[in-house]
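Asks:
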Amino acid sequence: MNFSHIIWDWNGTLLDDVDLSLMCVNNILNKRNMPLIDIQQYRDFVDTPIIRFYEHLFDFSKITFDVIADEFYDFYKKNFFMAALSPHAVDILSHFRDSGCSQIILSSANTADIKNYINRLGISEYFTDILGADDFQVGDKIKRAKKYFTEKGYGNMLLIGDTTHDSDAAAILGAECVLYANGHQHQAKLASTGLKVIENLADLIDL
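Residue numbering for the sequence shown follows this note's numbering, starting at 826 and increasing by one per position.
1. Can you grab the Cα-Cα spacing for the pair ASP938 / ILE864, in whole Å?
2. Could you pull the DSSP bridge partners for ILE832 from this structure?
3. Return yes when the Cβ of LEU910 is within less than 8 Å of the Cβ of LEU956, no when it is not.
4. Output the boundary residues of the alpha helix (DSSP H) element that contains LYS940.
5. Would you tell me roughly how many angstroms separate the C-alpha atoms of ASN904 and GLU896, rounded to the nearest one?
6. Is the beta carbon of ALA996 less than 8 Å from the beta carbon of VAL1022?
7. Tell me the DSSP secondary structure of LEU956 in three-state form.
8. Taking the alpha carbon of THR988 as the point to measure from, which residue in PHE974, GLY837, ALA1000 has its own alpha carbon closest?
9. So, at 6 Å on beta carbons, what are the nonlocal neighbours of PHE890 in its own chain, with the 5 sequence-adjacent residues on each side left out?
10. For the pair the region 839 to 848 and the region 905 to 924, tell me if three or more CB-CB distances fall below 8 Å.
11. If you follow the alpha helix (DSSP H) that TYR951 is in, where does it begin and where does it stop?
12. Looking only at its chain, what residues have a beta carbon closer than 6 Å to the beta carbon of CYS926, apart from the 5 residues adjacent to it on each side?
Printed below as a string of structure tokens:
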């Protein structure tokens, strides 16, 4: 199929920030002398909405989600230099651009932050639009995408993400979907969707 729009998830898909995100969570736990988690637990707990992730770790009668979010993003921004683009990200972005596809980032992350990060990483030229959140509370990206494509037109779309929530978004948007196994959720969870799961973004060219 020839795609008119490529919809990219950001965190864990284009951006390899899983280790950094784990560090952010463990920083919050460590400050409170609570047991730290490993990458296996992190990927087991990741869910949407993100508050479900933190329900595994915190008692919300003792700490609010707002405090958790603030501490997470403060640590994340200070240590963003530890994150990098996923392997072959630039190659596949170039491939889709040369194929005439518009490329859009659809994310729960803050729009201004994403724009800052893609500028710092030197990939801003590849994207038509950034559909991120206006705040830092991990908002509803599906609602934003529906509004955007209702106004712009849908066309043939491919959504590439790293969580089952991305598969839900694709289904609602009527988009094809490929899931990336080196992001924030375990490959087994991704495979349970019945969708194509890849371990390398370069595999998208063969698809």
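Think of the CB as a built atom: it goes at the ideal place given N, C-alpha and C, for glycine as much as any other residue.
Replies: On the basis of the coordinates in this document:
1. Roughly 25 Å separates the two Cα atoms.
2. Per DSSP, the beta bridge partners of ILE832 are ILE929, LEU984.
3. Not in contact: LEU956 and LEU910 (Cβ atoms no closer than 8 Å).
4. 936 to 945 is the extent of the alpha helix (DSSP H) around LYS940.
5. ASN904 and GLU896 have their C-alpha atoms spaced approximately 12 Å apart.
6. Taking the C-beta atoms as reference points, VAL1022 is found no nearer than 8 Å to ALA996.
7. Strand at LEU956.
8. Of the listed residues, the one whose Cα sits closest to THR988 is GLY837.
9. Only ILE876 meet the Cβ criterion.
10. Short answer: they touch.
11. Bounds of any alpha helix (DSSP H) do not take in TYR951, whose DSSP letter is neither H nor E.
12. Closer than 6 Å at the Cβ level, and outside the excluded window around CYS926, lie PHE828, ILE831.
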